[in-house]
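Per this note's numbering, residue 1 is the first one in the sequence shown, and the count goes up by one each step. As structure tokens, the structure follows; a few thoughts come after it.
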Amino acid sequence: MKRLSDIRNKRILYIATKNSDYLRLVQEIRLLRENGNTVTVISSPSKSYPKRLLQVYGRLLRTSMKDYDMSFVGFAPQLVLPLFRRKLKKKPLAMDFFISMYDTLCFDRKKFRPESLAGRLLRRIDRKTLVAADLAICDTKAHGRYFCKEFGFPAEKMSVLYLEADSSIYYPRPMKEHSDFTVLYFGSVLPLQGVSVILKAIDLLKDEKGLRFVFVGPLGSDNIRTGENITEYINWLPQEELAEKIAGADLCLAGHFDGDIMKAKRTIAGKTYIYRAMEKPVVLGDNPANRELFSESDKGVYFCEMGSPEKLAELIKQIKEQRCV
Numbered sequence: 001m002k003r004l005s006d007i008r009n010k011r012i013l014y015i016a017t018k019n020s021d022y023l024r025l026v027q028e029i030r031l032l033r034e035n036g037n038t039v040t041v042i043s044s045p046s047k048s049y050p051k052r053l054l055q056v057y058g059r060l061l062r063t064s065m066k067d068y069d070m071s072f073v074g075f076a077p078q079l080v081l082p083l084f085r086r087k088l089k090k091k092p093l094a095m096d097f098f099i100s101m102y103d104t105l106c107f108d109r110k111k112f113r114p115e116s117l118a119g120r121l122l123r124r125i126d127r128k129t130l131v132a133a134d135l136a137i138c139d140t141k142a143h144g145r146y147f148c149k150e151f152g153f154p155a156e157k158m159s160v161l162y163l164e165a166d167s168s169i170y171y172p173r174p175m176k177e178h179s180d181f182t183v184l185y186f187g188s189v190l191p192l193q194g195v196s197v198i199l200k201a202i203d204l205l206k207d208e209k210g211l212r213f214v215f216v217g218p219l220g221s222d223n224i225r226t227g228e229n230i231t232e233y234i235n236w237l238p239q240e241e242l243a244e245k246i247a248g249a250d251l252c253l254a255g256h257f258d259g260d261i262m263k264a265k266r267t268i269a270g271k272t273y274i275y276r277a278m279e280k281p282v283v284l285g286d287n288p289a290n291r292e293l294f295s296e297s298d299k300g301v302y303f304c305e306m307g308s309p310e311k312l313a314e315l316i317k318q319i320k321e322q323r324c325v
């Protein structure tokens, strides 16, 4: 069992602590079933993460591995393996090592210092979780290389499964006529996304005629920019309404744009898959992960130096001038 496609015609126990409609989980379960597997899913519809965990733990306690050929732990196996390692290791074990808690909390969000007691504990949990796997899935080759090097996991046991957009929501659709060149960004405003780079680029372009920015995300009133161009700020949108907003954009910003957080260089922003599914022109951070799937020869794909609002502003202006001729 060296890759996801090798799992065929097995009885699989799939465990998910994330909400059951989370796209990554839906993607994995669909792929497992497409390979002729019988998949039993242990998950919870609760909106409360602690309540979901308790419900998943309760079902796992009552489940016998005699009924399965293997188990697959989806998003955040670090929350499952410490309690159920002995049980799940009775059969071959696969997991989606989508995030490292050590990397995320110590280097991305900087909640703890890597050398602190909490940092060392997080690294230990990550390592012990990952090395228990007979097969691990990650989101990019760059991420896989990092996980293998940092936590001593064999590279031959690591497989890549790129994310995908929900094609029932995000698909190409006609653009309504509008006068201004519209640039859209949406996100949860996490540090690695490099929102500060986008805001500084908006500042640099504040007096650019015929340019309009749409920003969807919990930005906060202190960060709102004003200028000659029209800038629209929306705190949150349901996915169907977000798709309509994206459809009205001339250019979409994907990123990641932070130039200091290493994780930003190892991941492809989930919004990238959404923009491309809708066939929108997109600006990507110039990093190894993005270049695994995209290149300058791809229609509507533009790369920008990470961490540079000046380069981003210059690129947006160039694309606007090219497309408005």
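A virtual CB, placed ideally from N, CA and C, is assigned to each residue, including glycine. Note that this is a predicted model, so its numbers are computed, not measured.
What I want to know is whether the C-beta of residue i ends up closer than 7 Å to one or more non-hydrogen atoms of the ligand ATP.
| i | result |
| --- | --- |
| Gly307 | As for the ligand ATP, it is missing from this structure, which has no ligand bound. |
Grouping DSSP H, G and I as helix and E and B as strand, with all else coil, what is residue i?
| i | result |
| --- | --- |
| Lys300 | A quick correction: the sequence has Gly, not Lys, at residue 300. It is coil, neither helix nor strand. |
| Met95 | strand |
| Val216 | strand |
| Glu305 | coil |
| Tyr22 | coil |
| Gly255 | strand |
| Thr272 | helix |
| Ile230 | strand |
| Asp103 | helix |
| Phe294 | coil |
| Lys110 | coil |
| Asp260 | coil |
| Lys89 | coil |
| Leu75 | The residue asked about is misnamed: residue 75 is Phe in this sequence, not Leu. In the structure shown, Phe75 sits in coil (DSSP, three-state: anything other than H, G, I, E or B). |
| Arg29 | In the sequence as displayed, the identity of residue 29 is Ile instead of Arg. Ile29 falls in the helix class under three-state DSSP. |
| Asn223 | helix |
| Ile316 | helix |
| Met278 | coil |
| Ser64 | coil |
| Leu3 | Sequence check: residue 3 is Arg here, not Leu. Three-state DSSP puts Arg3 in coil, outside helix and strand. |
| Pro288 | coil |
Could you please give the first and the last residue of the uninterrupted alpha helix (DSSP H) stretch that includes residue i?
| i | result |
| --- | --- |
| Glu241 | Gln239 to Ala247 |
| Val131 | Leu117 to Val131 |
| Leu53 | Tyr49 to Leu61 |
| Pro45 | Unbroken run through Pro45: none, as it is neither H nor E. |
Going by DSSP, what residues sit across from residue i in a beta bridge?
| i | result |
| --- | --- |
| Met70 | Ile12 |
| Val39 | Ile12 |
| Val283 | Leu253 and Tyr302 |
| Leu211 | Phe181 |
If you measure from the beta carbon of residue i to each beta carbon in chain D, is any gap under 8 Å?
| i | result |
| --- | --- |
| Pro77 | In the structure shown, chain D does not exist; there is a single protein chain. |
Quiz item: Which full runs of the beta strand (DSSP E) of 3+ residues lie inside the stretch 135 to 207, going along the chain?
Solution: 135 to 138, 158 to 160 and 181 to 186
Self-check item: Cβ contact check for the stretch 166 to 180 and the stretch 188 to 196: 3 or more pairs under 8 Å
Solution: no
Quiz item: How do the stretch 205 to 218 and the stretch 232 to 240 stand: do at least 3 beta-carbon pairs fall below 8 Å, yes or no?
Solution: yes
Exercise. For the stretch 195 to 205 and the stretch 307 to 315, state whether three or more C-beta atom pairs, one from each stretch, are separated by less than 8 Å.
Key: yes
Practice problem: Check whether the stretch 237 to 248 touches the stretch 117 to 137, taking contact to mean three or more Cβ pairs, one atom from each stretch, closer than 8 Å. | Solution: no
Quiz item: Do the stretch 141 to 150 and the stretch 285 to 292 make contact, defined as three or more Cβ pairs closer than 8 Å?
Solution: yes
Exercise. Spell out a yes or no on whether the stretch 15 to 29 and the stretch 66 to 77 are touching, meaning 3 or more CB-CB pairs, one atom from each, closer than 8 Å.
Key: yes
Quiz item: Is the stretch 25 to 35 touching the stretch 50 to 62 in the sense that three or more CB pairs, one from each, lie closer than 8 Å?
Solution: no
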